[in-house]
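Per this note's numbering, the sequence shown runs over residues 82 to 782.
All remarks here apply to the structure that follows.
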Amino acid sequence: MAALAQPGKPLVLETRNAALVLNVGARGRVYQSYFGEKLVSYSELDTGTKEAYVAAGTDNVFEPAIRVVHADGNPALDLQYVSHTLQTGKNVSMLRVVCRDSLYPVSVTMVLTAYAKENVFKSAVEIQHAENAPLVLASVASAMLRLNADSYWLTHLHGDWAEEMRLEETQLTSGLKLVDSKSGTRAAMFQAPLFLLALNQPAAEYSGEVIAGTLAWSGNFRFAFEVENDHCLRVGAGINPYASDYRLPPNQPFTAPEFIFTYSHEGTAVSSANLQQWARKYGIHRGEESRAVVLNNWETTKFNFTEAKLTSLMAQGGRLGADLFLLDDAWFGNKFPRNNAKAGLGDWQVNKAKLPGGLQLLVAESKKNKLQFGLWIEPEMVNPQSELYTRHPEWILRLPGRPDELRRNQLVLDLANPQVQDFAFGIIDSLLIKHPGIAYFKWDSNREITSPYSQYLGPNQSNLSIDYVRGLYGVMARVQQKYPRLPMMLCSSGGGRIDYGALKYFTEFWPSDNTDPVERIYLHYGYSFFYPSLALSSHVTSWGKQPLKFRTDVAMLGKLGYDIDLGELSAPDFAFSQAAVKTYKALSPTIWRGTQYRLVSPYATQGSRAAFQYAAADKSEAIVFSYTMHPRFRENFTNVKLQGLAADKQYVVREINLYPGTQSKFKFHGKAYSGEYLMKVGMPISSQEPLTSAIFQVKRQ
Ligand code: DGJ
């Protein structure tokens, strides 16, 4: 039941180690009195002067959380507390704080959720109004955080195609720093909706206060970090207001996407463990279940394959011990066959010339080789050379009177249009109705939205970027509702769409088209601050041509798969790969569900070495991955200290995943050490040889 806040009685939302505290104060406004390490008591906190969700138009002079224009053109919102509810569950608690404008029938509800065990918070906002015409939402943050520290250190993650997730840390100075995306689809390709914010010192693995945040939204996002005149920091996180004045009709609730964040006073090792644990349980589809070892054909064949080539790959995949064969792009289109990126997108019928036996033959062949069968689709797009393009020109996002702006020879379909949503859902649905043997989809999206214009939305063009993403989620939700166990890979030219808004419908994502193992070490490092390994599809490919052992050891850090012509492997390489798949399957409970540690950063060593570890929750086992990439001449490496073991227990350290005919060169191989020794003294796990790697199993006796 809704309650009224009492003067001096804070609204407290706690997790196991952290707390977010609100208070109702002057002018009936809601203040954020505290966000940080959990306290014994909150009664000494005063309200403070930092509003929890600042509205524009009255007394605010910095970046607001919300800005609206009323139906009569008035641009002011003055939010006052009305009531709140606090539901406390076993692990999940939810605080809803209802505010209303003092003059206009507009209500804004802050919806804050806390996950106790995982130390994760979520913030969303619901807006509703009863004006006599649409209310314009000019800017709506999903959350605002108010912080007070001597210095603020922002790490954001950015990149481009094949160079995603580059970490960059900068100290925030007075004024406003924006991290945003305006590309509509593929919205995370240049800037990802992820950040780390360290207080008082740069982000460190095992010390210091740090907040890790991410917006669950696949479209344009914006993070605004503003150091104000009093040196306090306000952080706004939400949909990008750019070109997005949203016209909200009366009595239709608007819910802003969730901002997911965690607080740690023990550095980023804890913040990422929090988010990874949360994601497995709440953020990713079937996040606690096991994953298939996928054999993909994309890098081997690109657009050029025959039925015979695919079936021979399947036979090899079966021998390898893979679980699923994934047929990538180019299986469709007849009038406009998909033989390259120029034609066929939109025409989701099997290409009869290429695949005369149809998908049924491929499903049956997979089965014969003890593999499941998966299929690539790109439901949001159309090539001008397609039947769909001529049949439904009105479904395409394109500016009237201007030439089409092609990227990768394709255009974006208008997912704000319910007919297009039905079409996109129908692609998967009809494939599954016809071929119930399809057990997996890879959903790709290979361009951004430029020249945005929806023929469906008419005068409401500024609703497009939001309505597109809502349409997209509607389709994904329908798929999940009808096929709740269907695993799917999220892909957008690599890592262009990796947010938790979409990931609740997907079991994994494709982090990058760049599968060079050296690059993958950096990619894995960046993603690991926000995502658990079982979501990061990591395939052994030929990119980079490094030794197969090195490529495999890198892929085993994430969700192992293959995208290589297995038929071309030498007999020892094939035998090694077969054994690696077996080893991976045995280790995967710890890799997928263990606590991940970034023992040595590739950034800190300037690319000479890196090391990662997974520790089982009961401390019975750890898996350590050591990589030497490009060391200096005879570079001396220090010991690497392990984490997450029981200090008073003995562990045997064994190098595993050795190449056939080789033996471990590490003197400690097969010996027992105490957890204390492994964590305090550490082990010399790095070789001096370029492009080499080692995996160690550390097992409690
Ligand atoms: C981009 C993806 O990232 C690749 O893995 C592959 O699926 C191609 N699209 C296919 O066109």
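Yeah, the Cβ is synthetic: ideal placement off N, Cα and C, and Gly gets one too.
Please read these numbers as outputs of a predicted model, since none were measured by experiment.
(request) Can you have a look at D485 and say buried or exposed, based on whether 16 or more other CB atoms are within 10 angstroms of its CB? (result) exposed
(request) Starting from H620, follow the alpha helix (DSSP H) in both directions and report where the run begins and ends. (result) Taken as a continuous stretch (DSSP letters only), H620 belongs to no alpha helix (DSSP H), being part of the beta strand (DSSP E) at 618–621.
(message) So, under 8 Å CB-CB, F610 and T349 are touching, yes? Tell me the CB distance rounded to an integer number of Å.
(response) 6 Å
(message) Could you pull the DSSP bridge partners for I776 from this structure?
(response) F706, I737
(message) When you compare the CB positions of T194 and V173, do they come within less than 8 Å of one another, or not?
(response) yes
(message) Among G89, R108, V135, G575, whose alpha-carbon lies nearest the alpha-carbon of L126?
(response) G89
(request) Compare the C-beta of V493 with all C-beta atoms of chain C and state if any pair is closer than 8 Å. (result) Absence of chain C from the displayed structure is noted, only one protein chain being present.
(message) Could you give the first and the last residue of the continuous beta strand (DSSP E) run that contains S755?
(response) 752–755
(request) Provide the residue span of the beta strand (DSSP E) that contains E207, from first to last. (result) 201–210
(message) For G642, report the span of its alpha helix (DSSP H) as first-last.
(response) Per DSSP, G642 belongs to no alpha helix (DSSP H); it is in the beta strand (DSSP E), 640–643.
(message) Shorter than 7 Å, the distance from the beta carbon of S618 to the closest heavy atom of ligand 1, or not?
(response) no
(message) With a threshold of 8 Å, are at least 3 pairs of Cβ atoms found where one atom belongs to the region 612–619 and the other to the region 630–648?
(response) yes
(request) Can you list the residues near ligand 1, meaning Cβ strictly closer than 6 Å to any non-hydrogen atom, in the order they appear in the chain? (result) W379, D409, D410, W457, D525, N527, C572, S574, G575, W591, D594
(message) According to DSSP, is S574 part of a helix, a strand, or is it coil?
(response) coil
(request) Measure from the alpha carbon of F335 to the alpha carbon of each residue in A703, S223, N738, Q209, then state which is nearest. (result) Q209
(message) For the structure I just gave you, are there three or more beta carbon pairs, one from the region 655–674 and one from the region 355–375, closer than 8 Å?
(response) yes
(request) Measure the Cβ-Cβ separation of P322 and P215 and say whether it is below 8 Å. (result) no
(message) For G317, list the residues DSSP reports as bridge partners.
(response) M225, A305
(request) Report yes if the CB atom of W234 is closer than 8 Å to the CB atom of A279, and no otherwise. (result) yes
(message) Is the separation between the beta-carbon of G300 and that of A268 shorter than 8 Å?
(response) yes
(message) Given this structure, state the Cα-to-Cα distance separating S526 from K780, to the nearest angstrom.
(response) 42 Å
(request) Express the C-alpha separation of L494 and W476 in angstroms, rounding to a whole number. (result) 6 Å
(request) Using the DSSP secondary-structure output, state which residues sit across from S325 in a beta bridge. (result) Looking at the DSSP assignment, S325 forms no beta bridge with any residue, so it has no partner.
(request) Please classify R472: does DSSP put it in a helix, a strand, or coil? (result) helix
(request) Could you say which of A157, F202, A84 lies nearest to E95 if we only look at CA atoms? (result) F202
(request) Counting only the same chain and skipping the five closest in sequence on each side, list residues whose C-beta sits under 6 Å from that of L604. (result) M246, P592, S593
(message) Can you check which of these residues, Q466, D404, N450, is closest to P418 by C-alpha distance?
(response) Q466
(message) With a threshold of 8 Å, are at least 3 pairs of Cβ atoms found where one atom belongs to the region 706–716 and the other to the region 765–773?
(response) yes
(request) Take L480 and list the residues in its own chain whose beta-carbon comes closer than 6 Å to its own, dropping the five residues that flank it on each side. (result) S532, Y534
(message) Quick check on this structure: which residue in E461, V431, Q536 has the alpha carbon closest to the alpha carbon of G482?
(response) Q536
(request) From the DSSP output, read off the bridge partner residues of Y344. (result) I292
(request) In the DSSP assignment, find the alpha helix (DSSP H) that holds R632 and state where it starts and stops. (result) 629–636
(request) Measure the Cβ-Cβ separation of L391 and L452 and say whether it is below 8 Å. (result) no
(message) Assuming S174 is part of the beta strand (DSSP E), what are its boundary residues?
(response) 173–182
(message) What would DSSP say about Q677, mapped onto helix, strand or coil?
(response) strand
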